[in-house]
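Residue 125 in the numbering used here sits at position 116 of the sequence shown, and the numbers go up by one each step.
This report refers to the structure that appears directly beneath it.
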Amino acid sequence: MTQRLYYTEPYRTTFDATVVNVESVDGRWHVTLDQTAFYPASGGQPFDTGTLGGAAVSDVIDREDGTIAHLVSGPLKVGEVVNGEIDWGRRFDHMQQHTGQHVLSAAFDRLFGVRTESFHMGQLSATIDLAREVTAAEVAKAEDDANRVVWEDRPVVVRFATAEEAAAMPLRKESGRTGSLRLIDVQDYDLSACGGTHVERTGAIGVIAIGGWEKFRGGSRIEFLCGTRALQRFRLWRDSLAAMQKHLSVPPVEMAAAIDRMQEESKGLQRTIRGFQEKLAAHEAAALLAKGSTTIVEALEGWDAQGLKAIAAAATAAEPAAVVALFTTTTPALVVVARGPNANVDAGAVLKQLTAKFGGKGGGKPDLAQGGGLTGNSLELIDAAKALLRSHP
Ligand SMILES: [Zn+2]
Numbered sequence: 010m011t012q013r014l015y016y017t018e019p020y021r022t023t024f025d026a027t028v029v030n031v032e033s034v035d036g037r038w039h040v041t042l043d044q045t046a047f048y049p050a051s052g053g054q055p056f057d058t059g060t061l062g063g064a065a066v067s068d069v070i071d072r073e074d075g076t077i078a079h080l081v082s083g084p085l086k087v088g089e090v091v092n093g094e095i096d097w098g099r100r101f102d103h104m105q106q107h108t109g110q111h112v113l114s115a116a117f118d119r120l121f122g123v124r125t126e127s128f129h130m131g132q133l134s135a136t137i138d139l140a141r142e143v144t145a146a147e148v149a150k151a152e153d154d155a156n157r158v159v160w161e162d163r164p165v166v167v168r169f170a171t172a173e174e175a176a177a178m179p180l181r182k183e184s185g186r187t188g189s190l191r192l193i194d195v196q197d198y199d200l201s202a203c204g205g206t207h208v209e210r211t212g213a214i215g216v217i218a219i220g221g222w223e224k225f226r227g228g229s230r231i232e233f234l235c236g237t238r239a240l241q242r243f244r245l246w247r248d249s250l251a252a253m254q255k256h257l258s259v260p261p262v263e264m265a266a267a268i269d270r271m272q273e274e275s276k277g278l279q280r281t282i283r284g285f286q287e288k289l290a291a292h293e294a295a296a297l298l299a300k301g302s303t304t305i306v307e308a309l310e311g312w313d314a315q316g317l318k319a320i321a322a323a324a325t326a327a328e329p330a331a332v333v334a335l336f337t338t339t340t341p342a343l344v345v346v347a348r349g350p351n352a353n354v355d356a357g358a359v360l361k362q363l364t365a366k367f368g369g370k371g372g373g374k375p376d377l378a379q380g381g382g383l384t385g386n387s388l389e390l391i392d393a394a395k396a397l398l399r400s401h402p
């Protein structure tokens, strides 16, 4: 068993300990000590990092046998007394999130009887999964109540109790463990069995901000940020809002409406462009037919697939015997193959052979096929298409 200093002294950042065991596993050293302030990954809270005897600690594992293994970069000697130092910035952040989670979960539980099914602390934000779906109004109320408790700066006390004693207590979250239980008591608000590290008073959480929520497995997944993380998210959103504001010249509250308007305008413009494109396509088709051949193979600059289709449709409508293969001049190229009702070329088959030779993909019917991703310059593509159309009379 490793004595867990963080159980009773969560604010302790350095300690001395005796090395009990050292094993080499996959090029890393697993070191166990008689006691440690390093928190191992468990209960939704990530492990601590720091140094042990000057070597970097990259992982801390809670083992089945009650010992804690520290993964360190260099070997330590059994029997040696080493100094451990934990990365306090990382640990304190975890403490803010973890106590914040207890308070937030308690708020949903107390206000709406909604249980927290699980808790996960990620690198940038943490989530709780609630047993049922919650409404925006419920989320706001729980957020308000949780922050009221934060700002009342209530004591957070660690208590130990036997399983029998705990059974008689109003625990929000019971433990499956037997023997002595560790309880986290947020004064007059929440009592939960938990092995994690917590701030001494709720005020140290700073703020509990809900970043968003979504439906998840019949319930809700709530993303939340406490303390420093809330500030970091605020800065991120502030900077991206400021960047958007520069483009849109409207205050943040009007941004969604401004984007809606822009999208509507953009749709209108696209309709106008399509209209012009179709008119221009008819002229382009006439110009191509005026060259005198019913076999038209060209690479056309400035047209997209929609435009090439419009030209091909106009050409085959005006000249029922026409066969048309039109490429964009982009790399890779798009292609449209079409035939008029009096021509018996299989456009789909021609396209297949083009993509077999030049790569890309596409498909279509005997009268119209379209593809993209063809690599090859315009001259190569035109030569190949001409040869194919000649061999498909
Ligand atoms: Zn906990």
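Using N, Cα and C, we set each Cβ at its ideal position, and we do this for glycine too.
Remember, it's a predicted structure, so these values are computed and weren't measured experimentally.
Using alpha carbons as the reference points, say which of Ala327, Asn353 and Glu307 lies closest to Thr338. The residue you call residue 338 lines up with position 329 of the sequence shown. The option with the nearest alpha carbon to Thr338 is Glu307.
Contact between the segment 181 to 193 and the segment 269 to 287 is defined here as three or more beta-carbon pairs at a separation below 8 angstroms; is this criterion met? no
Glu209, DSSP secondary structure in three states: In the sequence shown, counting from the first residue as 1, residue 209 sits at position 200. Here Glu209 sits in coil by DSSP.
On a Cα-Cα basis, can you pick out the residue from Gln44, Pro164, Met104 and Leu85 that is closest to Gly75? Counted from its first residue, the sequence shown places residue 75 at position 66. Of the listed residues, the one whose Cα sits closest to Gly75 is Gln44.
Residues whose Cβ lies closer than 5 angstroms to any heavy atom of ligand 1, in chain order: Cys203 and Gly205
Does the separation of the CB atoms of Arg210 and Pro164 fall below 7 angstroms? Taking the first residue of the sequence shown as 1, we reach residue 210 at position 201. Taking the first residue of the sequence shown as 1, we reach residue 164 at position 155. Contact flag set, yes.
Check for me: the alpha helix (DSSP H) holding Phe367 runs from which residue to which? On the sequence shown, residue 367 is found 358 positions in, with the first residue counted as 1. Ala356 to Phe367 is the extent of the alpha helix (DSSP H) around Phe367.
Could you please give me the residues that DSSP links to Cys235 through a beta bridge? As a working mapping, residue 235 is identified with position 226 in the sequence shown. Bridge partners of Cys235: Ile217.
Nearest-angstrom beta carbon gap, Thr11 and Pro61 [assumed within contact, 8 angstroms]: Position 52 of the sequence shown holds residue 61. Position 2 of the sequence shown holds residue 11. The sequence shown places Leu at residue 61, rather than the Pro named in the question. With a Cβ gap of about 13 angstroms, Leu61 and Thr11 do not count as contacting.
Quick one: grab the DSSP three-state call for Asn156. By one-based count along the sequence shown, residue 156 stands at place 147. Helix.
Residues in the same chain with beta-carbon distance under 7 angstroms from Ala319, minus the five sequence neighbours each way, listed in chain order, please. Counting from 1 along the sequence shown, the entry for residue 319 is found at position 310. The residues are Gln286, Glu287 and Ala290.
Complete beta strand (DSSP E) runs within the segment 275 to 299 (minimum length 3 residues, chain order): none
In whole angstroms, give me the CA-to-CA distance for Ala177 and Gly204. Your numbering for residue 177 matches position 168 in the sequence shown. Your numbering for residue 204 matches position 195 in the sequence shown. Their backbone Cα atoms lie some 20 angstroms apart in a straight line.
Through-space distance from Ala172 to Arg37, alpha-carbon basis: To locate residue 37, count along the sequence shown from 1; it is residue 28. To locate residue 172, count along the sequence shown from 1; it is residue 163. So the alpha carbons of these two residues sit roughly 38 angstroms apart.
Taking 7 angstroms as the threshold (beta carbon to beta carbon), is Glu223 in contact with chain B? Absent from the structure: chain B. Only one protein chain is present.
Cβ-Cβ separation, Val69 to Phe47 (assumed contact under 8 angstroms), whole Å: The residue given as residue 47 occupies position 38 in the sequence shown. The residue given as residue 69 occupies position 60 in the sequence shown. Indeed they touch by this definition, with Cβ atoms about 5 angstroms apart.
Considering only residues of the same chain and omitting the five flanking positions on each side of Arg230, which have a CB-CB separation below 6 angstroms? For the purposes of this step, residue 230 is taken as the residue at position 221 of the sequence shown. Same-chain partners within the cutoff: Thr136, Asp138 and Glu223.
Is it the case that the Cβ atoms of Thr108 and Val208 are separated by a distance below 7 angstroms? By 1-based counting over the sequence shown, the position of residue 108 is 99. By 1-based counting over the sequence shown, the position of residue 208 is 199. Going by C-beta atoms, Thr108 is nearer than 7 angstroms to Val208.
Rounded distance between the beta-carbons of Leu113 and Ala155, thought under 8 angstroms: Along the sequence shown, one-based indexing puts residue 155 at 146. Along the sequence shown, one-based indexing puts residue 113 at 104. Yes, they are in contact, since the Cβ atoms of Ala155 and Leu113 sit about 5 angstroms apart, within 8 angstroms.
Let me confirm a value: Glu198 is counted as buried when at least 16 other C-beta atoms fall within 10 Å, else exposed. Which label applies? Counting from one through the sequence shown, the residue named residue 198 turns up at place 189. The identity of residue 198 in the sequence shown is Tyr, whereas the question assumes Glu. Buried, by the Cβ-count rule.
Gly316 versus Val354 - alpha carbon distance: For the purposes of this step, residue 316 is identified with residue 307 of the sequence shown, where counting begins at 1. For the purposes of this step, residue 354 is identified with residue 345 of the sequence shown, where counting begins at 1. Their backbone Cα atoms lie some 22 angstroms apart in a straight line.
Neighbour-count burial assignment, Thr206, 16 or more Cβ in a 10 Å radius: Counting from one through the sequence shown, the residue named residue 206 turns up at place 197. Buried: at least 16 other Cβ atoms inside 10 Å.
Using a 10 Å radius around the Cβ and a threshold of 16 neighbouring Cβ atoms, would you call Tyr20 buried or exposed? Here residue 20 refers to the residue found at position 11 when the sequence shown is read from its first residue. Its Cβ having fewer than 16 others within 10 Å, Tyr20 is exposed.
My output table needs one value for Val97: the three-state DSSP class, helix, strand or coil. To locate residue 97, count along the sequence shown from 1; it is residue 88. The amino acid at residue 97 is misidentified as Val; the sequence shows Trp. Three-state DSSP puts Trp97 in a helix.
Among residues of its own chain, excluding the 5 on either side of Pro179, which ones have a beta-carbon nearer than 8 angstroms to its beta-carbon? One-based indexing of the sequence shown puts residue 179 at position 170. Within the same chain, Pro179 has close Cβ partners Leu200.
Out of curiosity, what's the CA-to-CA distance linking Thr125 and Gln132? For the purposes of this step, residue 125 is taken as residue 116 along the sequence shown, with counting starting at 1. For the purposes of this step, residue 132 is taken as residue 123 along the sequence shown, with counting starting at 1. Going from the Cα of Thr125 to the Cα of Gln132 covers about 20 angstroms.
Same chain only: Cβ atoms within 7 angstroms of Gly349, ignoring 5 sequence neighbours per side: Within the sequence shown, numbered from 1, the residue matching residue 349 stands at position 340. Closer than 7 angstroms at the Cβ level, and outside the excluded window around Gly349, lie Thr325, Glu328, Pro329, Ala330 and Ala331.
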